[in-house]
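Peer 1: Residue numbers (our numbering): 767 to 1350.
Just so it is clear, CB atoms sit at the ideal spot from N, CA and C, and this is done for glycine as well.
I have a structure I would like to understand better, so I am pasting it below and will then ask my questions one at a time.
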Amino acid sequence: MTIYDHIKTLLKTKLTDVAALHGWVLPAEIPEFTVEAPRDPKHGDIATNLAMTLTKALGKPPRVIADAMVAALKNDASYTSVEVAGPGFINLRLASTIWQEQLKTILNAGTHYGDLSIGKKEKVCIEYVSANPTGPMHAGHVRGAVFGDALSNLMQKVGYDVTREYYFNDAGTQVDVLARTVHLRYREALGEAIGDIPAGLYPGDYLKPVAEKLVARDGKKWLGQPEEAWLLPIREFAVAAMMEAIREDLNMIGIKHDVFSNERDVIENGTLDKVFKSLEDKDLIYVGTLPPPRGKEMENWTPEPLTLFRSSQFGDSSDRSLKKRDGTWSYIMPDIAYHYTKIQRGFKLMINVLGADHGGYLERMRPAIAAISDGSAKLDGLFCQMVKVFNNGEAVKLSKRSGNIITLREMVEEVGADSVRFTILTRSFDSQFEFDFAKTKEQSRDNPVFYIQYAHARCSSVLRHAAEMFPKADLIASALAQVDLSVLTSEDDIALIRFLCNWPKLVEAAAQTREPHRVSFYLYELAGHFHSFWNKGKDDATLRFLIEDNPALTMARMALLKGITTVIASGLAVIGVKPLEEMR
RNA sequence: GAUCCCGUAGCUCAGCUGGAUAGAGCAGUUGCCUUCUAAGCAACAGGUCGAUGGUUCGAAUCCAUUCGGGAUCACCA
């Protein structure tokens, strides 16, 4: 229970007393009100809009209600000041002992401070990246990858049982194209002049090493053979090689999935047929024709009978075709079957992190999931908007076709994994994101992530100095939690503790809204408070952390520092950045 | 024709599910290193929150309309 929740319950009971005293009739449900740290510290430690939310129900102006509450709260020793302000806010200032206690709570919790149990250990499958193994990870993938990873961290922190999952298509036309391209590169590697890569195959050099590995394994085995002979084995080889490369790329930026699933398994182990049959059994499959797509000029549109799924029964705008004209499955059917395997594995909550270019995906997949789970499972889709890549202000067109891509590898090598992660996580996922490669590279040293890292390094440095200055002192968190903190009375000390106490609340809000970027901003602000405090010590010796002739205050400040490093480390863990002990 | 996202300082972005005088970084100007790390701090300057209406004690935030940018609406994932 956070300090804010605690105050909230106290206020509720106080409100009933006040109402009884004045003969007010409270509504059966007290309207929801906020208890939070106001933006402006002048407004006290804690502000509540309680009075304002009750104006309607009580038929009284907010200030009248607020005044009555204030009168009742005034004689409580927990509050050093209680006042009405603005339109009817009640501003409270808590006794410093309360904040000092909170700091001990933080120290005892360690980096688990901010861990919550709102997830109730519910299993959640978070699927992200899921790029098909036809090319290297590029700038467009990085956003979803980092976002999904941070979201997973966040969901774990609030008590979900998270599985990080990657699903790839290794059975469709795209991987056939991959295989053909590799075969061409293979001929090239064996000395043949292949000229330009023909349209319809993948350009770019990244398949050359794959072809060379194929030569190393198989020699000239596939030369002069018909496509039927080499397509499947080369496809398998190429998919494995690309997935290996993708895994390595993701690893560079600190991303590891728990489970990799693929389309072929779903088809070959019979799951797909089973799911299709169960849909038939539920009478959700029929053969019919679809109207032509609206708003699009389809000159060559001819209605054709197709195998359709009655997704409109589940809120979809139209029924969906599960098979192509040639009788093979359209992508949606294996995807349905794949999601069925998730449900079979016990996931009632599934989150898919997708690119904005997958717009209609949810609309189509949700009905299917409702059908196969009989409504018991829920799919959430989070759509990361496009990343527009610039190079010194000039737009770079990302196109696999032309081979013009900025790869994840380039980004990480030039800018650094921490900077890339942090840059992505200082934007909300649903707004478009402009990434200027040249500028980011040039300013990589100015990246805000180092501002946070630096705060952590400074704290660590002081703790090292403290160990030298007071060799007998025990500076581990559990020991510092036992220190007498009553000497931490300055407004700056208390303000810092107060800010640390916002952490659990922030984690909760970030998880509920699925917005890990809030963590970044919080950490940045926390680092700012710390740096500011630090510099005050230059003018005011009583605000320094290490004060040689005052061991008692120094130890209390070490407790504060430990609290700061604890929360920073706890937050950086969500972002996926390692805290640094030292920066020079 | 329909759906989704975005529009906030010169640029890149926040704005805590409706709160008090709308914030930060970068860019610009000015100060601060004999003392715990200057990858830092302090200060100045910069805004019709795209527009119009509505909801209420109160709107950048919610609703409607509208303009602008992006994405999606095929049997490609």
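So what's residue 919 in DSSP terms, helix, strand or just coil?
Peer 2: If DSSP states are grouped into helix, strand and coil, residue 919 belongs with the helices.
Peer 1: Expressed to the nearest angstrom, what Euclidean distance is found between the alpha-carbon atoms of residue 1261 and residue 1309?
Peer 2: Looking at the two C-alpha atoms, the distance is approximately 13 Å.
Peer 1: Which of the three DSSP states is assigned to residue 842 in this structure?
Peer 2: Of the three classes helix, strand and coil, the one that applies to residue 842 here is coil, per DSSP.
Peer 1: When the Cα atoms are used, what is the spatial distance from residue 805 to residue 856?
Peer 2: The straight-line gap from Cα to Cα measures roughly 14 Å.
Peer 1: By a C-beta neighbour count over all protein chains shown, 10 Å radius and 16 as the cutoff for buried, is residue 1118 buried or exposed?
Peer 2: Flag for residue 1118 reads buried.
Peer 1: Determine the DSSP secondary structure at residue 858, reduced to helix, strand or coil.
Peer 2: Note: residue 858 maps to strand in three-state DSSP.
Peer 1: Helix, strand or coil for residue 1267? Go by DSSP, reduced to three states.
Peer 2: Coil at residue 1267, not helix or strand.
Peer 1: Is the beta carbon of residue 1009 closer than 8 Å to that of residue 934?
Peer 2: A contact, by the Cβ cut-off of 8 Å.
Peer 1: Measure the C-alpha to C-alpha separation of residue 902 and residue 1348 and round it to an integer number of angstroms.
Peer 2: C-alpha separation (whole angstroms): 34 Å.
Peer 1: Who are the Cβ neighbours of residue 847 in its own chain at under 6 Å, not counting the five residues just before and after it?
Peer 2: Contacts found: 859.
Peer 1: Verify whether the separation of the beta carbon atoms of residue 1336 and residue 871 is less than 8 Å.
Peer 2: Taking 8 Å as the Cβ cut-off, residue 1336 and residue 871 do not qualify as a contacting pair.
Peer 1: Looking at the secondary structure, which residues open and close the alpha helix (DSSP H) in which residue 1118 lies?
Peer 2: Segment 1115-1121 is the beta strand (DSSP E) holding residue 1118; no alpha helix (DSSP H) there.
Peer 1: Does DSSP classify residue 972 as helix, strand or coil?
Peer 2: Reduced to three states, the DSSP call for residue 972 is helix.
Peer 1: Could you give the C-beta distance for residue 905 and residue 1153, rounded to a whole number, given that I count them as a contact under 8 Å?
Peer 2: Rounded, the Cβ-Cβ distance is 6 Å, consistent with contact.
Peer 1: Which partner residues of residue 934 appear in the DSSP bridge assignment?
Peer 2: Beta-bridge pairing links residue 934 to 1028.
Peer 1: Return the CA-CA distance between residue 977 and residue 986, expressed in angstroms with no decimal places.
Peer 2: Between residue 977 and residue 986, the C-alpha separation is close to 11 Å.
Peer 1: Enumerate in chain order the residues of its own chain whose CB-to-CB distance from residue 1244 is below 8 Å, with the five nearest sequence positions on each side excluded.
Peer 2: Closer than 8 Å at the Cβ level, and outside the excluded window around residue 1244, lie 873 and 874.
Peer 1: For the region 993-1029, list the beta strand (DSSP E) runs that are entirely contained and at least 3 residues long, ordered along the chain.
Peer 2: For the region 993-1029, whole beta strand (DSSP E) runs of length 3 or above, ordered along the chain, are 1025-1028.
Peer 1: Answer yes or no: do residue 945 and residue 1000 have a C-beta to C-beta separation smaller than 8 Å?
Peer 2: Yes. Within cutoff.
Peer 1: For the beta strand (DSSP E) holding residue 1301, just list the boundary residues, first then last.
Peer 2: Residue 1301 -> not in any beta strand (DSSP E); alpha helix (DSSP H) instead, spanning 1283-1305.
Peer 1: Pull up the DSSP beta-bridge partners for residue 1054, would you.
Peer 2: Residue 1054 is bridged to 1072.
Peer 1: So residue 1218 packs on residue 1290, CB below 8 Å; how close in whole Å?
Peer 2: Correct: roughly 6 Å between the Cβ atoms.
Peer 1: With DSSP run on the structure shown, which of helix, strand or coil describes residue 1093?
Peer 2: DSSP places residue 1093 in coil when its eight states are reduced to three.
Peer 1: May I ask you to report which of helix, strand or coil DSSP gives residue 1230?
Peer 2: Helix, per DSSP.
Peer 1: With distances taken Cα to Cα, identify the nearest neighbour of residue 979 among 989, 952 and 990.
Peer 2: Residue 952 is the option with its Cα nearest to residue 979.
Peer 1: Taking the DSSP output, what are the residues bridged to residue 1200?
Peer 2: Residue 1200 is bridged to 1154.
Peer 1: Rounded to whole angstroms, what's the CA-CA distance from residue 1223 to residue 1296? Just pull it up for me.
Peer 2: Between residue 1223 and residue 1296, the C-alpha separation is close to 12 Å.
Peer 1: Measuring alpha carbon to alpha carbon, tell me which residue in 1034, 1020, 1073 and 886 is nearest residue 1046.
Peer 2: The shortest Cα separation from residue 1046 among 1034, 1020, 1073 and 886 belongs to 1073.
Peer 1: Classify residue 782: buried if its beta carbon has 16 or more other beta carbons within 10 angstroms, exposed otherwise.
Peer 2: When all chains shown are included, residue 782 counts as exposed.
Peer 1: If you draw a straight line from the C-alpha of residue 1123 to the C-alpha of residue 1255, how long is it?
Peer 2: Each residue's alpha carbon lies about 54 Å from the other.
Peer 1: In terms of residues, what are the limits of the alpha helix (DSSP H) holding residue 1160?
Peer 2: Run containing residue 1160: none in the alpha helix (DSSP H); it sits in the beta strand (DSSP E), 1160-1162.
Peer 1: Decide if residue 841 is buried, meaning its Cβ has at least 16 other Cβ atoms within 10 Å, or exposed.
Peer 2: Exposed, by the Cβ-count rule.
Peer 1: Is it buried or exposed for residue 1068, if we count other Cβ within 10 angstroms and need 16 for buried?
Peer 2: Exposed, since its Cβ has fewer than 16 Cβ neighbours within 10 Å.
Peer 1: Taking the C-alpha atoms as reference points, what is the distance between residue 969 and residue 896?
Peer 2: In a straight line, the C-alpha of residue 969 is about 21 Å away from that of residue 896.
Peer 1: Tell me which residue opens and which closes the alpha helix (DSSP H) that residue 1135 is part of.
Peer 2: Here the alpha helix (DSSP H) through residue 1135 covers 1127-1139.
Peer 1: Using CA atoms only, rank isn't needed, just tell me which of 919, 966, 1017 and 1038 is closest to residue 937.
Peer 2: Ranking the options by Cα distance to residue 937, first place goes to 1038.
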